[in-house]
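Here the structure comes first, spelled out in structure tokens, and everything after it is commentary.
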Amino acid sequence: MTTERAARTKVDPSRIKISREVIRSDASSIFDVNLDGQKCLMKVFHDNGDPVYTERGRDLNRFRCEFNAYEKLYASGVCDSGFVLKYYGHIDRLDPATFYPHLQHFARNKFKPNAILLEYLPNAESLNCVNYSESPFSQAIDGLKEIHKAGVHHRDIYPKNLLLVRGTPDRLVWIDFDVSTTFTDDDPEGLARCEHEISLIEGLEELLVNPPPLRTIYSEVLSMLTPDDLSLLER
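In structure tokens form, the structure reads like this:
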């Protein structure tokens, strides 16, 4: 593991001004916001008090998964490497009424939502088989290795979770750690998972170059999932 620095502190909601909603899912919404005048992203998580752990103890709470991951990535310096988004902190229990109407779809939740604040990247697009040939794919592997050094397993190794950021030079950035897990360097199972994720990303490159039929991909992905992974898909 790398040398750690102090964790990020909580962000006062009064420092936030929401511009617009970028994307919405059943689990969360992402907003363009201004934090003290700086443009960034705010990912807000629904919380209905659903079961939060599998029988084996894996955490299923998406906010907590992403929060724990970014705290470790920030503390170990990976957020400054360009391999992941910069992390600006988190907010506990946002009041939807304070940000009406932007957060009105969170008002019906059992609990007030939590949020994390992340770097905004212009000129970014999800990696796919069309833009792959222009992308520096080795950065995806190097980035995943740095993520592992910080004690984080991504657990969602798909092209949609790699952003191709246009620039001089172009770069690849890992995103979406809301099903991630953390581990310590004395955990044999954790180290084995690192090797598994590296093999997945290496195999992903071949799929981007020569994409097989969709049914074949679906069958292969299902065969690689653990019981904990399947339980997340069912939620």
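According to full-length UniProt numbering, the sequence shown is numbered sequentially starting from 1.
Backbone N, C-alpha and C define an ideal beta-carbon position, used for all residues, glycine too.
Computed from a predicted model, the values in this text were never measured in an experiment.
Tell me the residue span of the alpha helix (DSSP H) that contains F67.
Here the question's residue 67 lines up with position 67 in the sequence shown. Per DSSP, F67 belongs to the alpha helix (DSSP H) from R62 to A75.
Which ranges would you report for the alpha helix (DSSP H) in the segment 82 to 156 if only whole runs of at least 4 residues count?
The DSSP assignment places 138 to 149 as complete runs of the alpha helix (DSSP H) inside the segment 82 to 156, in order along the chain (cut-off: 4 residues).
Can you give the Cα-Cα distance for I23 and D80, rounded to whole angstroms?
Looking up residue 23 in the sequence shown gives position 23. Looking up residue 80 in the sequence shown gives position 80. Rounded to the nearest angstrom, the two C-alpha atoms are 25 Å apart.
With DSSP as the reference, label N161 as helix, strand or coil.
Taking the first residue of the sequence shown as 1, we reach residue 161 at position 161. N161: helix per DSSP, three-state reduction.
Which ranges would you report for the beta strand (DSSP E) in the segment 2 to 34 if only whole runs of at least 3 residues count?
Whole beta strand (DSSP E) segments, 3+ residues: 16 to 24.
Run of the alpha helix (DSSP H) containing R193, from where it starts to where it stops
Looking up residue 193 in the sequence shown gives position 193. For R193, the enclosing alpha helix (DSSP H) covers residues P188 to V209.
Between K10 and D95, what straight-line distance do the alpha-carbon atoms span, to the nearest angstrom?
One-based indexing of the sequence shown puts residue 10 at position 10. One-based indexing of the sequence shown puts residue 95 at position 95. Spanning the two alpha carbons is a distance of roughly 15 Å.
Spatial distance of residue 236 from F63 (CA atoms):
There is no way to answer for residue 236, as the model of the chain reaches only from 1 to 235.
List the residues that DSSP assigns as beta-bridge partners of V173.
Translated into the one-based positions of the sequence shown, residue 173 becomes position 173. DSSP lists L163 as partners of V173.
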